[in-house]
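Enquirer:
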Amino acid sequence: MNTIAITHENGVATVTINNPPVNVLTIDLINEINAFVLSLEDDRETKIVVFKSLHETFFLAHLDLHVINGTQGGQAASIEFNHMITNIKKMKQLSIAVVDGVARGGGDEFVMACDLAYATENAAFAQPEIHVNIPTGGQGAVQYARRMGKNKALQALLLGNDFSAQQAEALNIITQYVPKAELDSFLAMILSVVSTLEVRDIVMYKEIIHASIIDENAGAEMELRYFLERAKENKTQAIIDAFIKHGGQTEREAKDIQGIFVDTAKELSK
Amino acid sequence: MNTIAITHENGVATVTINNPPVNVLTIDLINEINAFVLSLEDDRETKIVVFKSLHETFFLAHLDLHVINGTQGGQAASIEFNHMITNIKKMKQLSIAVVDGVARGGGDEFVMACDLAYATENAAFAQPEIHVNIPTGGQGAVQYARRMGKNKALQALLLGNDFSAQQAEALNIITQYVPKAELDSFLAMILSVVSTLEVRDIVMYKEIIHASIIDENAGAEMELRYFLERAKENKTQAIIDAFIKHGGQTEREAKDIQGIFVDTAKELSK
Amino acid sequence: MNTIAITHENGVATVTINNPPVNVLTIDLINEINAFVLSLEDDRETKIVVFKSLHETFFLAHLDLHVINGTQGGQAASIEFNHMITNIKKMKQLSIAVVDGVARGGGDEFVMACDLAYATENAAFAQPEIHVNIPTGGQGAVQYARRMGKNKALQALLLGNDFSAQQAEALNIITQYVPKAELDSFLAMILSVVSTLEVRDIVMYKEIIHASIIDENAGAEMELRYFLERAKENKTQAIIDAFIKHGGQTEREAKDIQGIFVDTAKELSK
Numbered sequence: 042m043n044t045i046a047i048t049h050e051n052g053v054a055t056v057t058i059n060n061p062p063v064n065v066l067t068i069d070l071i072n073e074i075n076a077f078v079l080s081l082e083d084d085r086e087t088k089i090v091v092f093k094s095l096h097e098t099f100f101l102a103h104l105d106l107h108v109i110n111g112t113q114g115g116q117a118a119s120i121e122f123n124h125m126i127t128n129i130k131k132m133k134q135l136s137i138a139v140v141d142g143v144a145r146g147g148g149d150e151f152v153m154a155c156d157l158a159y160a161t162e163n164a165a166f167a168q169p170e171i172h173v174n175i176p177t178g179g180q181g182a183v184q185y186a187r188r189m190g191k192n193k194a195l196q197a198l199l200l201g202n203d204f205s206a207q208q209a210e211a212l213n214i215i216t217q218y219v220p221k222a223e224l225d226s227f228l229a230m231i232l233s234v235v236s237t238l239e240v241r242d243i244v245m246y247k248e249i250i251h252a253s254i255i256d257e258n259a260g261a262e263m264e265l266r267y268f269l270e271r272a273k274e275n276k277t278q279a280i281i282d283a284f285i286k287h288g289g290q291t292e293r294e295a296k297d298i299q300g301i302f303v304d305t306a307k308e309l310s311k
Numbered sequence: 042m043n044t045i046a047i048t049h050e051n052g053v054a055t056v057t058i059n060n061p062p063v064n065v066l067t068i069d070l071i072n073e074i075n076a077f078v079l080s081l082e083d084d085r086e087t088k089i090v091v092f093k094s095l096h097e098t099f100f101l102a103h104l105d106l107h108v109i110n111g112t113q114g115g116q117a118a119s120i121e122f123n124h125m126i127t128n129i130k131k132m133k134q135l136s137i138a139v140v141d142g143v144a145r146g147g148g149d150e151f152v153m154a155c156d157l158a159y160a161t162e163n164a165a166f167a168q169p170e171i172h173v174n175i176p177t178g179g180q181g182a183v184q185y186a187r188r189m190g191k192n193k194a195l196q197a198l199l200l201g202n203d204f205s206a207q208q209a210e211a212l213n214i215i216t217q218y219v220p221k222a223e224l225d226s227f228l229a230m231i232l233s234v235v236s237t238l239e240v241r242d243i244v245m246y247k248e249i250i251h252a253s254i255i256d257e258n259a260g261a262e263m264e265l266r267y268f269l270e271r272a273k274e275n276k277t278q279a280i281i282d283a284f285i286k287h288g289g290q291t292e293r294e295a296k297d298i299q300g301i302f303v304d305t306a307k308e309l310s311k
Numbered sequence: 042m043n044t045i046a047i048t049h050e051n052g053v054a055t056v057t058i059n060n061p062p063v064n065v066l067t068i069d070l071i072n073e074i075n076a077f078v079l080s081l082e083d084d085r086e087t088k089i090v091v092f093k094s095l096h097e098t099f100f101l102a103h104l105d106l107h108v109i110n111g112t113q114g115g116q117a118a119s120i121e122f123n124h125m126i127t128n129i130k131k132m133k134q135l136s137i138a139v140v141d142g143v144a145r146g147g148g149d150e151f152v153m154a155c156d157l158a159y160a161t162e163n164a165a166f167a168q169p170e171i172h173v174n175i176p177t178g179g180q181g182a183v184q185y186a187r188r189m190g191k192n193k194a195l196q197a198l199l200l201g202n203d204f205s206a207q208q209a210e211a212l213n214i215i216t217q218y219v220p221k222a223e224l225d226s227f228l229a230m231i232l233s234v235v236s237t238l239e240v241r242d243i244v245m246y247k248e249i250i251h252a253s254i255i256d257e258n259a260g261a262e263m264e265l266r267y268f269l270e271r272a273k274e275n276k277t278q279a280i281i282d283a284f285i286k287h288g289g290q291t292e293r294e295a296k297d298i299q300g301i302f303v304d305t306a307k308e309l310s311k
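Heads up: the protein sequence lines correspond to chains A, B and C, in order. 42 is the number of the first residue of the first sequence in the working numbering; add one for each residue after it. 42 is the number of the first residue of the second sequence in the working numbering; add one for each residue after it. 42 is the number of the first residue of the third sequence in the working numbering; add one for each residue after it.
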């Protein structure tokens, strides 16, 4: 790996992007991300993949302008970039973009391909492609349309202007704005909660959400089927028994449901 | 009725939930809500159903944990709970949840099944099911996906964290945050306006909204058909004549359209 | 033209609505707007159409109440009004509503038919039709459902209450609230950026957005096809060469991508 570095710890893979000078999505970077993402299909250990950048001002710049042309190589590279977006969207693991810098064009599309995205006051998001005579090529326009509605999407795509993390949260480009000073503890909280889950839990909710957005009734049927199956599991009974023992279905739930969950986990780990 | 109390006044049915100790959705409560909701199908008097709680801290807790299992009785009760959600969604009357306490799991799903939901600073909303090894079972994940988009929904479902009423309004879990001190007058205003309408008006708009969300063109066709039919009614002509007589289509509309409606109503009630 | 005045300048057509006393959507005004909008189909000069009002307090009032009836003429006029909404939605040019006054009923529907809508502190938006015994007839309910979700839409349609520009922005009725004092400079900025584009750019993004909202995958396929075609154009290569020459793919992008675009434009205009 020349453009990304990967570390593994407790089911969390951290991918640090480092493609000087400004983290452009070159074909090398695209290929390395694709290879890693596809390797996760058969990975039984990794639950969460966190994407970060080593660069001080860029999270991830756009697709390498040198491949945006009519040559066979250029068109093939653009298609590989597009596949990278769909590969990330199809991951069974929970993907998280941690954005502390600029993410325009393909960088913005990369962020939106991830399941969750958190960004700081140093982040900037934009899809300025039209000013280079091209549309977005990694679902940028598709995602803008679906996330912010047709009017705000059209304005953003024609202007190509930057959005701050707060604006990006309001427009559903990212999940949440997190001040840089709180980023580490916020991310640690997210990872600690999700790490208690199984990969199949993440997959189940991704499937229900995907189905529900296309068809409300189909989503509702899938959800109920999963619910009835999961209700039968011994694991469910064990958790519920411990949960009730420690104050489930009593007043303690009102103000301290987290405490009940903590005591339940302790009980079960005995 | 052991777990709910129902009062009727001027076309408004008020259902007060009272299932000690903490308003858990037991099979008794589910059955009583289902029986009442289904009885409304042939009700020609009731226009609005308001759901409230007698409990100080809980609006409505989750589905009774004692039925979440693989027994025949447990699975049947879970399915009844799921039917309760779809029954509420299918009501012809306007359903309103007034939430002044905790609504997690099935309680949160109950709130989202209602047409409108108002909540105070005492409210808390969450879908923490995954931490008991199950998904939501009453369309919680379905509604989160459709109301807040896939990223924010996935975060909320994996974390299972509480949302305040203000957060719930921003995420479309509820219609509006209303401070407790203003709740009675706010609700009185809503009821006084909607009480001037007919049940068929509520049904018409629910149908158009439902159709429009699935297919924009189908919704537009339905809306125009209703418009042309309704335009022909004598009632429409009578209102329009009185409306114009009292300043419709003049400058008075700009700053005092409510006053024109008041004068129109007076004129018609002569 | 008796009810609208049209001026053309640098690819921007400005339509000023002036139908005293309060800019009601009379059949004359509807016919003149329809004739103008349909004339734009073969117009190769106009990129942007800005709709403004000459009236001090009304942007555009509702459909003329005198045509809302069961007569043949009334029903035909109502259908013409409905066609006006679909005609505006189908324009290839970028349509912009600049709202500095009241826009209720058909006026609100006109605003939502436009691609972009900006409104000041003097604006008010509402769909109060149900209080005249009719539903919306120009996709008002359809648009409310799709833009603000079923709960907030149902509340707004049953109450018929006014929304301020800030509220309308949050509910996606308009694109953005702009203080009256900043309106001229804001609009000049929008027009100056969009004027650098071609009509086919606007059409392309409208098509991708439209397809994406109906079907995410279909939108993604259309976007990629456009991307690969556009990448082959000489115009694209010329812009990219100049963009790279002036600091594209370097640190300059981080804080001054607008400067690179300015220098790129200068280079290309030599």
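Virtual Cβ for every residue (Gly too), placed ideally from N, Cα, C.
On the premise that residue 204 (chain A) lies in contact with residue 142 (chain A), defined as a C-beta separation below 8 Å, what is that separation, rounded to the nearest angstrom?
Expert: Walking along the first sequence from the start, residue 142 (chain A) turns up at place 101. Walking along the first sequence from the start, residue 204 (chain A) turns up at place 163. With 8 Å as the limit, residue 142 (chain A) and residue 204 (chain A) do not qualify as a contact, their Cβ atoms being about 14 Å apart.
Enquirer: Please go through the same chain and pick out, in chain order, the residues whose beta-carbon is closer than 6 Å to the beta-carbon of residue 74 (chain C), but skip the five residues on each side of it.
Expert: In the third sequence, the residue the question calls residue 74 (chain C) occupies position 33. Counting only Cβ-Cβ distances below 6 Å, and skipping sequence neighbours, we find 125.
Enquirer: With three or more beta-carbon pairs closer than 8 Å as the criterion, would you say the region 260-274 of chain B touches the region 177-186 of chain C?
Expert: The region 260-274 of chain B vs the region 177-186 of chain C: in contact.
Enquirer: Looking at C-beta atoms only, is the number of pairs between the region 292-307 of chain B and the region 75-82 of chain C that lie closer than 8 Å three or more?
Expert: Result no; under three Cβ-Cβ pairs closer than 8 Å.
Enquirer: Strictly below 9 Å CB to CB, what residues from chain B border residue 119 (chain C)?
Expert: Within the third sequence, numbered from 1, the residue matching residue 119 (chain C) stands at position 78. What residue 119 (chain C) touches in chain B: 265, 268, 269, 272.
Enquirer: Could you check the C-alpha separation between residue 261 (chain A) and residue 301 (chain A) for me, to the nearest Å?
Expert: Taking the first sequence and counting its residues from 1, the one referred to as residue 261 (chain A) is at position 220. Taking the first sequence and counting its residues from 1, the one referred to as residue 301 (chain A) is at position 260. In a straight line, the C-alpha of residue 261 (chain A) is about 29 Å away from that of residue 301 (chain A).
Enquirer: Between the region 186-200 of chain A and chain C, which residues of the former have a C-beta closer than 7 Å to a C-beta of the latter?
Expert: Those residues of the region 186-200 of chain A that come within reach of chain C (Cβ to Cβ, closer than 7 Å) are 186, 187, 190, 191, 192, 193, 194, 195, 196, 198, 199, 200.
Enquirer: Going along the chain, which unbroken runs of the beta strand (DSSP E) with 3 or more residues stay wholly within the region 108-177 of chain A?
Expert: Within the region 108-177 of chain A, the complete beta strand (DSSP E) runs of at least 3 residues are 135-140, 143-145, 157-160, 165-167.
Enquirer: With distances taken Cα to Cα, identify the nearest neighbour of residue 185 (chain A) among A:79, A:173, A:198.
Expert: On the first sequence, position 144 is the one that residue 185 (chain A) refers to. The shortest C-alpha separation from residue 185 (chain A) is found at A:198.
Enquirer: At a CB-CB cut-off below 8 Å, which residues of chain A make contact with residue 184 (chain C)?
Expert: As a first step, residue 184 (chain C) must be located in the third sequence, where it is residue number 143. Here the premise fails: no neighbours, minimum Cβ distance about 10 Å.
Enquirer: Determine whether the beta carbon atoms of residue 148 (chain C) and residue 182 (chain C) lie at a separation below 9 Å.
Expert: Along the third sequence, one-based indexing puts residue 148 (chain C) at 107. Along the third sequence, one-based indexing puts residue 182 (chain C) at 141. In this structure, residue 182 (chain C) does not lie closer than 9 Å to residue 148 (chain C) by Cβ.
Enquirer: Using only the alpha-carbon positions, how far apart do residue 166 (chain B) and residue 277 (chain B) sit?
Expert: Within the second sequence, the letter at position 125 stands for residue 166 (chain B). Within the second sequence, the letter at position 236 stands for residue 277 (chain B). Answer to the nearest angstrom: the Cα atoms are 42 Å apart.
Enquirer: Using DSSP with H/G/I as helix, E/B as strand and the rest coil, what is residue 251 (chain B)?
Expert: For the purposes of this step, residue 251 (chain B) is taken as residue 210 along the second sequence, with counting starting at 1. Note: residue 251 (chain B) maps to helix in three-state DSSP.
Enquirer: When the distance is taken between beta carbons, is residue 232 (chain C) closer than 9 Å to residue 91 (chain C)?
Expert: Sequence index remark: in the third sequence, residue 91 (chain C) carries index 50 (1-based). Sequence index remark: in the third sequence, residue 232 (chain C) carries index 191 (1-based). In contact: residue 91 (chain C) and residue 232 (chain C) (Cβ atoms closer than 9 Å).
Enquirer: Exposed or buried, what is residue 241 (chain A) when buried is set at 16 or more other beta-carbons lying within 10 Å of its beta-carbon?
Expert: In the first sequence, the residue the question calls residue 241 (chain A) occupies position 200. It is exposed - the Cβ of residue 241 (chain A) has fewer than 16 other Cβ atoms within 10 Å.
Enquirer: Let me know the secondary structure DSSP gives residue 196 (chain A) once reduced to three states.
Expert: Looking up residue 196 (chain A) in the first sequence gives position 155. Note: residue 196 (chain A) maps to helix in three-state DSSP.
Enquirer: Relative to the alpha-carbon of residue 274 (chain C), which residue among A:243, A:174, A:224 has its alpha-carbon at the smallest distance?
Expert: Here residue 274 (chain C) is taken as the residue at index 233 of the third sequence, counted from 1. It is A:174 whose Cα lies nearest to the Cα of residue 274 (chain C).
Enquirer: Check whether the Cβ of residue 284 (chain C) lies closer than 9 Å to any Cβ atom in chain A.
Expert: Taking the first residue of the third sequence as position 1, residue 284 (chain C) is located at position 243. Yes - at least one Cβ of chain A is within 9 Å of the one on residue 284 (chain C).
Enquirer: Using DSSP bridges, identify the partner residues of residue 261 (chain A).
Expert: Taking the first sequence and counting its residues from 1, the one referred to as residue 261 (chain A) is at position 220. Per DSSP, none; premise fails for residue 261 (chain A).
Enquirer: Based on DSSP bridge pairs, tell me the residues matched to residue 218 (chain A).
Expert: The sequence position of residue 218 (chain A) within the first sequence is 177, counting from 1. Answer by DSSP bridge pairing, in chain order: A:160.
Enquirer: Considering residue 102 (chain A), what are the terminal residues of the alpha helix (DSSP H) in which it resides?
Expert: If you number the first sequence from 1, residue 102 (chain A) lands on position 61. Here residue 102 (chain A) belongs to no alpha helix (DSSP H), and DSSP marks it neither H nor E.
Enquirer: Going along chain B, which residues have a C-beta under 8 Å from residue 157 (chain A)?
Expert: As a first step, residue 157 (chain A) is located in the first sequence; it is residue number 116 there, counting from the start. Correct list: 192, 195, 196.
Enquirer: Is residue 289 (chain B) close to chain C, meaning its C-beta is less than 9 Å from at least one C-beta of that chain?
Expert: Against the second sequence, residue 289 (chain B) aligns to sequence position 248. It does: the Cβ of residue 289 (chain B) has a partner Cβ on chain C nearer than 9 Å.
Enquirer: If you compare alpha carbons, which of C:235, C:212, C:64 is closest to residue 146 (chain C)?
Expert: What you label residue 146 (chain C) is simply residue 105 of the third sequence in a count that begins at 1. Minimum Cα distance to residue 146 (chain C) is reached at C:64.
Enquirer: Put residue 277 (chain B) into one of helix, strand or coil per three-state DSSP.
Expert: One-based indexing of the second sequence puts residue 277 (chain B) at position 236. Helix at residue 277 (chain B).
Enquirer: For residue 47 (chain A), which option in A:253, A:95, A:67 has the closest C-alpha, if you only look at C-alpha atoms?
Expert: As a position in the first sequence, residue 47 (chain A) is number 6, starting the count at 1. Minimum Cα distance to residue 47 (chain A) is reached at A:95.
Enquirer: Pull up the CB-CB distance for residue 44 (chain A) and residue 69 (chain A), whole angstroms please, since I reckon it's below 8 Å.
Expert: In the first sequence, residue 44 (chain A) corresponds to position 3, counting from 1. In the first sequence, residue 69 (chain A) corresponds to position 28, counting from 1. That pair is a contact at about 5 Å.
Enquirer: If you draw a straight line from the alpha carbon of residue 53 (chain C) to that of residue 209 (chain B), how long is it in whole angstroms?
Expert: Residue 53 (chain C) sits at position 12 when you count from the first residue of the third sequence. Residue 209 (chain B) sits at position 168 when you count from the first residue of the second sequence. Distance between the alpha carbons of residue 53 (chain C) and residue 209 (chain B) is about 42 Å.
Enquirer: Are the C-beta of residue 246 (chain C) and some C-beta of chain A separated by less than 9 Å?
Expert: Here residue 246 (chain C) refers to the residue found at position 205 of the third sequence. By this cut-off, residue 246 (chain C) is an interface position.
Enquirer: Could you name the residues of the same chain whose beta carbon sits closer than 6 Å to that of residue 138 (chain C), not counting the 5 residues immediately before and after it, in chain order?
Expert: Mapped onto the third sequence, residue 138 (chain C) falls at position 97. 92, 152, 155, 158.
Enquirer: Give me the Cα-Cα distance between residue 257 (chain A) and residue 189 (chain B), rounded to the nearest whole angstrom.
Expert: Counting from one through the first sequence, the residue named residue 257 (chain A) turns up at place 216. Counting from one through the second sequence, the residue named residue 189 (chain B) turns up at place 148. Approximately 14 Å between the Cα atoms of the pair.
Enquirer: Which residue wins for smallest C-alpha separation from residue 246 (chain A), given the options B:84, B:196, B:309?
Expert: Numbered from its first residue, the first sequence carries residue 246 (chain A) at position 205. Checked all of B:84, B:196, B:309; the closest Cα to residue 246 (chain A) is B:196.
Enquirer: From C:222, C:56, C:192, pick the residue whose C-alpha is nearest to that of residue 243 (chain B); which is it?
Expert: As a first step, residue 243 (chain B) must be located in the second sequence, where it is residue number 202. Closest option to residue 243 (chain B), Cα to Cα, is C:192.
Enquirer: Helix, strand or coil: which one does DSSP assign to residue 305 (chain A)?
Expert: The residue given as residue 305 (chain A) occupies position 264 in the first sequence. Helix at residue 305 (chain A).
Enquirer: Let me confirm a value: residue 85 (chain A) is counted as buried when at least 16 other C-beta atoms fall within 10 Å, else exposed. Which label applies?
Expert: Taking the first sequence and counting its residues from 1, one reaches residue 85 (chain A) at position 44. With fewer than 16 other Cβ atoms within 10 Å, it is exposed.
Enquirer: Flag this pair as yes or no: are the beta carbons of residue 215 (chain A) and residue 283 (chain A) separated by less than 9 Å?
Expert: Residue mapping note: residue 215 (chain A) aligns to position 174 of the first sequence, counting from 1. Residue mapping note: residue 283 (chain A) aligns to position 242 of the first sequence, counting from 1. Not closer than 9 Å, so no.
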